[in-house]
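J.: Going letter by letter, the sequence shown gives residues 998 to 1278 in my numbering.
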Amino acid sequence: MKLFNLLPVLALFILMSAHAEDKSFCSDNWVCAGTEKIRLDEFGYWVENKKPFPVTITLYVKAENLKSLDHDGQGYWEITTVLPGKEKRQVLHLKRIANGQPTRDSYEFDWIPGSMHAQHDDNYRYLLPFAKDADYRVVQGYGGGYSHRGASRYALDFAMPIGTPIHAAREGVVIDIQESHWRGGASRRFAKYANFIVILHEDGTTGEYYHLKKEGVIVSVGDEVKAGDLIGYSGNTGFSSLPHLHFAVYKARSRGQYQSLPVLFQRAPNTYQRRGLRLTD
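Structure (structure tokens):
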């Protein structure tokens, strides 16, 4: 995953010689890719989304003595597609070039939940991700030098005691959770131990809530939540130097990447959040 292990970005690699048989691999029981014979000396690459939530997948294929019948180029193809939930799709059709000569092909893929075509509703006013009338300080705001750079530029860190109730900032569907970890620390080696909740919004973006306490998630994958609903409890897991909540809204990109988006809150509709602000819902 990413700086804070924010999204499951995974890749698989397969090498096949002479393409003797169809093969496939799955990642996290969510996204699969593989090949299947179409006719003599022709086969296709397919990708599949096994869950009911959209994903953005990038497939990379290298090949020898094979040409594509549906894409330009020869020897290497990079194909990005958005798959709705529960869909399988052929994305590349290859054919042997020289009869009687062996073929070789290999592939890998990256993926990330959400659609790279999502259009964020910039007029939407989010609730703050904690209880109404609570008051917490922003310890790292937009562009924070500690870790809010690049893809996480528009994330917010709210300092709060472990066990603070966390509420949904926007309505949506829960698409991923983790609550089994207890470890945390001020080193990137702890990033994989973050507990989190990911909620898919109506506009295709995701709201992500990180560093939750062990067994601090009270929603399940597939649950529909409303803005303001209690969803979990804060903690200090993962790459974290102090107890806090990391909140951000993300949009999927190609190559397993993502970008954070600036958001406005109902209580501070014209403020781009910065370190030191105290925000009250």
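A virtual CB, placed ideally from N, CA and C, is assigned to each residue, including glycine.
If we call anything under 8 Å between Cβ atoms a contact, is VAL1044 one with LEU1080?
T.: A contact, by the Cβ cut-off of 8 Å.
J.: If we ignore side chains and look at the alpha-carbon of each, how far apart do LEU1063 and GLY1070 end up?
T.: Each residue's alpha carbon lies about 11 Å from the other.
J.: Please work out which residues of its chain come closer than 7 Å, Cβ to Cβ, to ILE1011, disregarding the five sequence neighbours upstream and downstream, and give them in chain order.
T.: Here ILE1011 scores only 47 on pLDDT, less than 50, and its place in the model is too uncertain to base an answer on.
J.: Hey, could you find the ends of the beta strand (DSSP E) ALA1030 is sitting in?
T.: ALA1030 -> beta strand (DSSP E) spans 1028-1036.
J.: Return the first residue and the last residue of the beta strand (DSSP E) that GLU1045 is part of.
T.: Per DSSP, GLU1045 belongs to the beta strand (DSSP E) from 1039-1046.
J.: Three or more C-beta pairs closer than 8 Å, one from the stretch 1232-1241 and one from the stretch 1029-1040: is that the case here?
T.: No: the two stretches stay apart, fewer than three of their Cβ pairs being nearer than 8 Å.
J.: Touch check for the stretch 1245-1261 and the stretch 1117-1126: three-plus C-beta pairs under 8 Å?
T.: At 8 Å Cβ cutoff, the stretches touch.
J.: Taking just the CA atoms, how far does GLY1213 sit from TRP1074?
T.: Answer to the nearest angstrom: the Cα atoms are 43 Å apart.
J.: Which residues does DSSP pair with TYR1247 in a beta bridge?
T.: Looking at the DSSP assignment, TYR1247 forms a beta bridge with THR1203 and SER1257.
J.: What does the alpha-carbon distance come out to for the pair THR1077 and GLY1041?
T.: If you take the alpha carbons of THR1077 and GLY1041, they lie about 15 Å apart.
J.: Could you check the C-alpha separation between PHE1001 and GLU1205 for me, to the nearest Å?
T.: Because the pLDDT at PHE1001 is just 33, under 50, the model does not fix this residue reliably, and the point stays unresolved.
J.: Where does ALA1115 fall in DSSP's three states?
T.: Correct three-state label for ALA1115: coil.
J.: Can you list, in chain order, the residues of its chain with a C-beta nearer than 7 Å to that of TRP1179? Leave out the 5 residues immediately preceding and following it.
T.: Correct list, in chain order: LYS1211 and THR1234.
J.: One question on the structure: do PHE1127 and ILE1163 come within less than 8 Å of each other, judged by their Cβ atoms?
T.: A contact, by the Cβ cut-off of 8 Å.
J.: Can you give the Cα-Cα distance for LEU1153 and TYR1207, rounded to whole angstroms?
T.: Roughly 10 Å separates the two Cα atoms.
J.: Pull the bridge partners of VAL1214 from the DSSP assignment, please.
T.: Answer by DSSP bridge pairing, in chain order: GLY1229.
J.: When burial is assigned at 16 or more other CB atoms within 10 Å of the CB, is GLN1263 buried or exposed?
T.: Looking at its Cβ environment, which holds fewer than 16 other Cβ atoms inside 10 Å, GLN1263 is exposed.
J.: Which residues does DSSP list as the beta-bridge partners of ARG1122?
T.: Paired residues: LEU1261.
J.: Between which residues of its own chain and PHE1106 is the CB-CB distance below 8 Å, once the five residues before and five after are set aside?
T.: Taken in chain order, the residues that qualify are ALA1008, LEU1009, SER1024, VAL1028, ALA1030, VAL1044, ILE1054, THR1055, LEU1056 and TYR1057.
J.: Going by beta-carbon coordinates alone, are ALA1166 and LEU1209 separated by less than 8 Å?
T.: For ALA1166 and LEU1209, no; Cβs fall outside 8 Å.
J.: If contacts are defined as beta-carbon pairs under 8 Å, then PRO1110 and ILE1172 qualify, I think. What distance do you get, rounded to the angstrom?
T.: Going by Cβ atoms, the distance from PRO1110 to ILE1172 rounds to 6 Å, so yes, they are a contact pair.
J.: Beta-carbon separation of LEU1089 and GLU1039 under 8 Å?
T.: It is not a contact, given that the beta carbons lie outside the stated cut-off.
J.: Can you tell me where the beta strand (DSSP E) holding TRP1074 begins and where it ends?
T.: That run of the beta strand (DSSP E) goes 1071-1080.
J.: Give me the Cα-Cα distance between SER1238 and LYS1223, rounded to the nearest whole angstrom.
T.: Going by the C-alpha atoms only, they are around 30 Å apart.
J.: In whole angstroms, give me the CA-to-CA distance for GLY1082 and GLU1168.
T.: Between GLY1082 and GLU1168, the C-alpha separation is close to 19 Å.
J.: Using beta-carbon positions only, say whether ALA1183 and GLN1256 come within less than 8 Å of one another.
T.: Not in contact: ALA1183 and GLN1256 (Cβ atoms no closer than 8 Å).
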